[in-house]
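As you go down the protein sequences, you meet chains P, X, Y and U in turn.
Numbered by numbering that gives the first Met the number 0, the letters in the first sequence go through residues 0 to 345 in order.
Numbered by numbering that gives the first Met the number 0, the letters in the second sequence go through residues 0 to 345 in order.
Numbered by numbering that gives the first Met the number 0, the letters in the third sequence go through residues 0 to 345 in order.
Numbered by numbering that gives the first Met the number 0, the letters in the fourth sequence go through residues 0 to 345 in order.
So the structure is just underneath, and the comments pick up after that.
4 protein chains.
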Amino acid sequence: MDKKKVAVLGASGYTGSDLLRFLLVHPGVEITHLTAEKHAGKMISDVFPHLKGIVDLELKPLRPKSIPKNIDVIFAALPHGTSAAVIKELYERDVKIIDLGADFRISNKNYKKWYGQHPCPELIKKAVYGITELNRDKVKKAKLVANPGCYPTSSILGLAPLVKNKLAEESSIIVDSKSGVTGAGRSPSLDYHFSEVNEGLKAYKVGEHRHMPEIEEALSNYSGLNVDVFFTPHLIPMDRGILSTIYVNLKKKLTTKKLINIYKDHYKDEKFVRISDENVYPSTKQVRGSNYCDIGIKVNSSGSRAVIVSVIDNLVKGASGQAVQNMNVMLGFEESTGINTTPVFP
Amino acid sequence: MDKKKVAVLGASGYTGSDLLRFLLVHPGVEITHLTAEKHAGKMISDVFPHLKGIVDLELKPLRPKSIPKNIDVIFAALPHGTSAAVIKELYERDVKIIDLGADFRISNKNYKKWYGQHPCPELIKKAVYGITELNRDKVKKAKLVANPGCYPTSSILGLAPLVKNKLAEESSIIVDSKSGVTGAGRSPSLDYHFSEVNEGLKAYKVGEHRHMPEIEEALSNYSGLNVDVFFTPHLIPMDRGILSTIYVNLKKKLTTKKLINIYKDHYKDEKFVRISDENVYPSTKQVRGSNYCDIGIKVNSSGSRAVIVSVIDNLVKGASGQAVQNMNVMLGFEESTGINTTPVFP
Amino acid sequence: MDKKKVAVLGASGYTGSDLLRFLLVHPGVEITHLTAEKHAGKMISDVFPHLKGIVDLELKPLRPKSIPKNIDVIFAALPHGTSAAVIKELYERDVKIIDLGADFRISNKNYKKWYGQHPCPELIKKAVYGITELNRDKVKKAKLVANPGCYPTSSILGLAPLVKNKLAEESSIIVDSKSGVTGAGRSPSLDYHFSEVNEGLKAYKVGEHRHMPEIEEALSNYSGLNVDVFFTPHLIPMDRGILSTIYVNLKKKLTTKKLINIYKDHYKDEKFVRISDENVYPSTKQVRGSNYCDIGIKVNSSGSRAVIVSVIDNLVKGASGQAVQNMNVMLGFEESTGINTTPVFP
Amino acid sequence: MDKKKVAVLGASGYTGSDLLRFLLVHPGVEITHLTAEKHAGKMISDVFPHLKGIVDLELKPLRPKSIPKNIDVIFAALPHGTSAAVIKELYERDVKIIDLGADFRISNKNYKKWYGQHPCPELIKKAVYGITELNRDKVKKAKLVANPGCYPTSSILGLAPLVKNKLAEESSIIVDSKSGVTGAGRSPSLDYHFSEVNEGLKAYKVGEHRHMPEIEEALSNYSGLNVDVFFTPHLIPMDRGILSTIYVNLKKKLTTKKLINIYKDHYKDEKFVRISDENVYPSTKQVRGSNYCDIGIKVNSSGSRAVIVSVIDNLVKGASGQAVQNMNVMLGFEESTGINTTPVFP
């Protein structure tokens, strides 16, 4: 079979770089087009020395019209707004599009509130929200997939069995998330300057982060409930990893053992979701570099409150890995192709 | 005035070491006796090379009877159980005792449940819980002070204004705490082995940590309410610092601005508690090495939930610094003597 | 073709774990036997949670006789002395053996001086020193390969072109190496306790590290010279990576450009050695998780001294990756099979 | 006695911030004027939240003429070039000036070569190079002190006894230095972006760093020899600390013990230099936050080569601490006033 031709738009960020890591070992695709507006004209290995001798492609400027017609799959890792504008121009082509940005993840109403005017609101409804484990059937038929945000991925997978089974009080949900610094991208600023971030820990955008409506919409769509989430992100002095500690009031009394079984059952066919045994809580370190989401579970002694601890690598299951997983589903490859890597521990 | 003579029992741990850092610059005291069971016979600078040329004392074995009679103040930084047994033998002396361990922080009933049989339950009631800002008057008259735990200090100071003003729904409180690794002490184990901890993040003892009853008792005693707390600790790959993110349902609607004013008013005379302005959340890095507790505040848009972000240096305000603060109150020194240091940033 | 059956002796350390990472994606082998003396009876995923759902093998006690006869390749990641004793018992079998320990790397004379009495000195001469790029032909025919140490790998690859071309003054060589903490293994001790190591930096065993004679022997054997090296290792607060800064007085005047060309020529057919361009020096981060050795080169303005900066991932090219590379050569697989992974950046 | 009035020019960098930490506890001075060109008009605690409630001064624009006439001491922590231009305007005032920049550290000849045209070359000769331990008598009488660079401080203190006693072969000296990231300052750039620097290690400006001529001049002036140094700096993923590993060929055979005694004797009256015992090498962690320089020493078995390991906190003994030490000498305060703090370990 001919290899599918892949383009990565916005290849000079961390998400772009990790995409290449997976696509390079994927037997069904070949990378043929890379763009990076700021670095156009350079080789990708000038921007990422770790790729020297591995990928030898020139970075092109971001011009939709210059993307070759023979491209089969486009990954867009672009700033919000830009992404939608570019995808609008490409949508009519015979191509599969996976957008790793925020432009097609939430309804136009919420987009307006949290991001502003959308360049092509008519396309939002055509996009499928690509949390693969929950939306696999829709992803399979999608032309345009909105790849979930990193915080939402850990939160939604951690909450799905609770909301699907109507066990969660919809308005009680608190997601306290902690993220490594790669989540903030590759643009230098004082906020992510080494000496400011290292050996410190802080909360930011408490109750006001744009990933909050994304979590709410995804869970509401999935469960039919009207899910309300309070979300607090924190910045942790490490490169990769998100850990979300999720607090939920239960609609009926449960034990830890019972809830663990509900989760194991819910995810029993999922390769990339692993449920921890009682009294064991996952570390982000055990998923680093891989596409796994590991989940630990605790119910308090009275049975009224559940605590879910969900960990992922923000750049993999929270971005590039899940994007490739979605591509595999869209193109009919075995779902774990190319992302079937063991976590890099330690 | 003669300097007060000070003994530190358990001087070879991180708490002991940081105690020395403050006591050494305190003009009113001199360190004359150090014990360290495992390292008895060595010089303190053999155990802590950073103290070479600064403190030249031999570490003695831990024998209550061998502690010189002329000692005025004893700091005990010992394992629980050991601490109470030692203090029992010393209690009748004319000496002030500050216990940095857990033995006198909670009621006998809770002690039994969470730690086991207490060696001298009769002394528990005589001890004053040394969260200085809230219990200053009692500390002033105390002979024995139970210095608060690190997680409780950040949690209690973060919650005090809410519970005192009856604004918190007592059973809604969730404390999601994140701690640097020094909180786990200096004994090597796989759990705190560099390569296991570094670049990772995990939760532990979810809803089952011994600091949970300590927080509940302290806040209940302070407010007269029956406070119920759900507590989750996390381990963060950094040396020092605790950040507690506290979620509280409010009994009456508030705005962020109003709640900040309540906090500023509550702590208006407190040197070591600093309240952040709206939309500003403190980093642990801004208190490192110092006795400050910095607090950021957010109320959700409907006014029904408050989020408090409280940061301290776990070894200072969460242990040694507060211990010296308590000593200052007990002995009549100006409260910030010796601990009046600027945070070491970055 | 049937897959080759592989045993890993000492699978519960970091080297063992990283071996599994590569062997698991190697199409020509299957892992069928794991030993771990301390953890015998446990599943490998109890010891390494990141392997849950990926490898489901029980750890066996280390008994040479119990290793199944159908094993084709044995990797030994054992303490020195133990390794030789075990290999002695297995040597007569029809099996390929790759020893990741120190027992067969140096001559019996040096072994006695630096390690003590050798359990089977007669086997030392039968072993091939497995620095693949330099000894490929011998590795191809070897039954027993001594996989190089981590510091030696970075040093030897960094120095090989200089000594082979008789450009180095043999007695002038200084290797100043810096290693991440995984190099110290997985056994907890105060020296590698998180809070002791993090945010600090130290030298150790200055001029007295056991890797010094290994570097000297390997380079002497390779070049026919009598190479003398002064070696200083340092411990760096990070998980993975070794950077060796190598200072050499030159026998004849050179420029940076010329020396870079000599290196590029020397390694022109080597996939895993990458030479940096002038004024570019590699970071350990650009090889993390991969089998690459990246080398930067500088000659001083007078042309009399060369400085070589050589970086590897200590667990990969410095241990498990090179071990698999050697296995590939020994068994006739394409040399990069299974280790053809892109560095995990960042 | 009236307190001396102090101005800090360039107060919004890490050096400025650490200066304040020491000056604030100095009983003989008060800080009355702060400048920060980029942040003029803000309060210092807006730029450095850790100073909230501790220093409440407005940052002024950098205008020499606006610096009040009653200032007794000026610390300049400014970019090179700017510093000299400002000091030129202030030099005629009755004021002591300590320049923490590079403008007055080296001869005009070297300045031209390494930095460019000097704004006031006539002042270079009037400045005293403020490596306090070696130049104390000159510092005492100086009006303008050039505070040494961070790398030079660790290197010069590590080499001084060897060159002074004519034990070092002048052209054999190699300084391999490793620095924490605060040494690069507070301006964001990709080079110091958290995710680029963390968990990595690199060399830079090999043999071409501007601190090389500074080390050579200082040691030549101190010893009367013509000292030649090869210098390689490295960036280490930690906040504070420099470790310099120094290699020297000896002019006469020595043992480690003898050389340690020479160092102990050389520094016997120095509070801030501590010599380690045989086989002990200092970690940067044992000096963090303090003004100490700790030195470990090794001579090879043949007695022909010495290795010196010298550690400092780059922001303290390598910048602000030594600046205050120099101020103390210049103004007649006891030399350790204000900087007499215990290292913050861990």
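Idealized CB from N, CA, C, for every residue including glycine.
Find out if the Cβ-Cβ distance for the pair residue i, residue j is shorter than 8 Å.
| i | j | result |
| --- | --- | --- |
| residue 2(X) | residue 330(X) | no |
| residue 252(X) | residue 168(X) | no |
| residue 299(P) | residue 206(X) | yes |
| residue 133(Y) | residue 100(Y) | no |
| residue 337(U) | residue 21(U) | yes |
| residue 328(X) | residue 64(X) | no |
| residue 244(P) | residue 308(P) | yes |
| residue 265(Y) | residue 230(Y) | no |
| residue 10(U) | residue 39(U) | no |
Does residue i come out as helix, strand or coil in the three-state DSSP assignment?
| i | result |
| --- | --- |
| residue 292(X) | strand |
| residue 73(U) | strand |
| residue 50(P) | helix |
| residue 31(Y) | strand |
| residue 57(Y) | strand |
| residue 192(Y) | strand |
| residue 172(X) | strand |
| residue 101(U) | coil |
| residue 166(X) | coil |
| residue 342(Y) | coil |
| residue 221(P) | helix |
| residue 274(U) | strand |
| residue 114(Y) | coil |
| residue 232(X) | strand |
| residue 23(U) | coil |
| residue 254(U) | coil |
| residue 37(P) | helix |
| residue 245(X) | strand |
| residue 280(U) | coil |
Answer with buried or exposed for residue i, where buried requires no fewer than 16 other C-beta atoms within 10 angstroms of its C-beta.
| i | result |
| --- | --- |
| residue 59(U) | buried |
| residue 170(Y) | exposed |
| residue 26(U) | exposed |
| residue 62(P) | exposed |
| residue 225(P) | exposed |
| residue 93(P) | exposed |
Whose Cβ in chain U lies nearer than 7 Å to the Cβ of residue i?
| i | result |
| --- | --- |
| residue 230(Y) | Per Cβ cutoff of 7 Å: no residues; residue 230(Y) is ~10 Å from chain U at best. |
| residue 238(X) | 345 |
| residue 284(Y) | 198 and 199 |
Closer than 8 Å by beta-carbon distance: list the chain U residues that pair up with residue i, in chain order.
| i | result |
| --- | --- |
| residue 203(Y) | 280 |
Would you mind telling me which residues of chain X sit closer than 7 Å to residue i, beta carbon to beta carbon, in chain order?
| i | result |
| --- | --- |
| residue 235(P) | 200 and 235 |
| residue 175(P) | 175 and 244 |
Would a check of beta-carbon distances place residue i closer than 8 Å to chain B?
| i | result |
| --- | --- |
| residue 345(X) | In the structure shown, chain B does not exist; the protein chains are P, X, Y and U. |
What does residue i touch in chain Y if you count any residue whose Cβ is under 7 Å from its own?
| i | result |
| --- | --- |
| residue 273(P) | 51 and 52 |
| residue 206(U) | 297, 299 and 306 |
Please compile the residues from chain U whose C-beta is within a distance smaller than 9 Å of the C-beta of residue i.
| i | result |
| --- | --- |
| residue 288(X) | 288 and 343 |
Using a C-beta to C-beta distance shorter than 9 Å, which residues of chain X count as neighbours of residue i?
| i | result |
| --- | --- |
| residue 191(Y) | 187, 192, 193 and 194 |
Listed in chain order, which residues of the stretch 43–61 of chain Y have Cβ atoms closer than 8 Å to some Cβ of chain P? 47, 48, 49, 50, 51, 52 and 53
For the stretch 8–38 of chain P, which residues have a CB atom closer than 9 Å to at least one CB atom of chain Y, in sequence order? 13, 16, 17, 19, 20, 21, 23 and 24
Against chain U, which members of the stretch 290–318 of chain Y pass a CB distance test of less than 8 Å? 295, 297, 299, 300, 304, 306, 308 and 310
For the stretch 122–145 of chain P, which residues have a beta carbon sitting closer than 9 Å to at least one beta carbon of chain Y? none
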